[in-house]
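**Student:**
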Amino acid sequence: MVDEPDDMSGAARVVAGAAQDIGSFIRSQREAAQVSLRQLAQLAGVSNPYLSQIERGLRKPSADVLAQIAKGLRVSSEVLYMQAGILEKRPHSPVRDALLADGAITERQKQVLLEIYESFCRENDPQQSETAVQAPGGMAGSDEEEHEIADPLDRRSEND
């Protein structure tokens, strides 16, 4: 790598750093779960040496392998995807954290619930951030829009 141009070695450093980050994260999760390297490799359907290379930052796993590792560790695959840089990190939310930590629901159910929750957040967030930036005390406009949306629902429930 010494003979490569600076931009290439910079890119290589970023990839190596991401591989190291996800590897050390997987190792810490595995140790916290008190699962051996061999057990996790078996649960994830990968070889011991390959998992060891991932943990040491020598290999960067694919999304499929990360999903299998997540299943073996009983953590959300989304957490591993974000740690690996596959998904963009999102702001912390107690709702998101609770959903991701819940072992009673499947990964698919977590994803569906998160998508629903995020759609509500996207619906509400742009209105609040625009009014907060344009008119710091102007949250009333946001409330009026909520009432306009809520009124038709109230009328329907009265007619039923």
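The letter at position 149 of the sequence shown is residue 149 when you use the UniProt record's numbering, and the numbering goes up by one with no holes. All C-beta atoms, glycine included, are put in the ideal place defined by N, C-alpha and C.
#1: List the endpoints of the continuous alpha helix (DSSP H) containing L51.
#2: Is any heavy atom in the ligand NAP found nearer than 7 Å to the beta carbon of E55?
#3: Following the continuous alpha helix (DSSP H) through K60, name the residue where it begins and the one where it ends.
#4: Less than 8 Å between the C-beta atoms of S76 and L100, yes or no?
#5: When the distance is taken between beta carbons, is I69 closer than 8 Å to A32?
#6: Tell me which same chain residues have a C-beta within less than 6 Å of the C-beta of Q53, skipping the five on either side of it?
#7: Kindly list the residues whose CB is nearer than 8 Å to the CB of Q29, restricted to its own chain and excluding five residues on each side of it in sequence; keep chain order.
#8: I think N48 touches L37, with their Cβ atoms under 8 Å apart; what is that distance to the nearest whole Å?
#9: Report the three-state DSSP secondary structure of D102 (helix, strand or coil).
#10: What residue range does the alpha helix (DSSP H) around V79 cover?
#11: Do you know how far the Cα of V95 is from the Cα of residue 179?
#12: I need the boundaries of the alpha helix (DSSP H) containing R38, first residue and last residue.
#13: Could you tell me the alpha carbon to alpha carbon distance between F25 and F120, rounded to whole angstroms?
#14: Does DSSP put Q34 in a helix, a strand or coil?
**Tutor:** According to the data block:
#1: Looking at the DSSP string, the run of the alpha helix (DSSP H) that includes L51 is N48 to E55.
#2: Within the structure as shown, the ligand NAP is missing, as the structure has no ligands at all.
#3: From DSSP, K60 is part of no alpha helix (DSSP H); its letter is neither H nor E.
#4: Closer than 8 Å, so yes.
#5: Contact annotation: A32 and I69 have beta-carbon atoms that are not nearer than 8 Å.
#6: Here the set comprises R59.
#7: Result list for Q29: L73 and V75, in chain order.
#8: The C-beta separation of N48 from L37 comes to about 6 Å, placing the pair in contact by the 8 Å criterion.
#9: Coil, per DSSP.
#10: For V79, the enclosing alpha helix (DSSP H) stretches over residues S77 to A84.
#11: With the chain represented from 1 up to 160, any question about residue 179 goes unanswered, as that position is not in the structure.
#12: Looking at the DSSP string, the run of the alpha helix (DSSP H) that includes R38 is L37 to A44.
#13: Between the alpha carbons of F25 and F120 lies a distance of about 31 Å.
#14: It is coil, neither helix nor strand.
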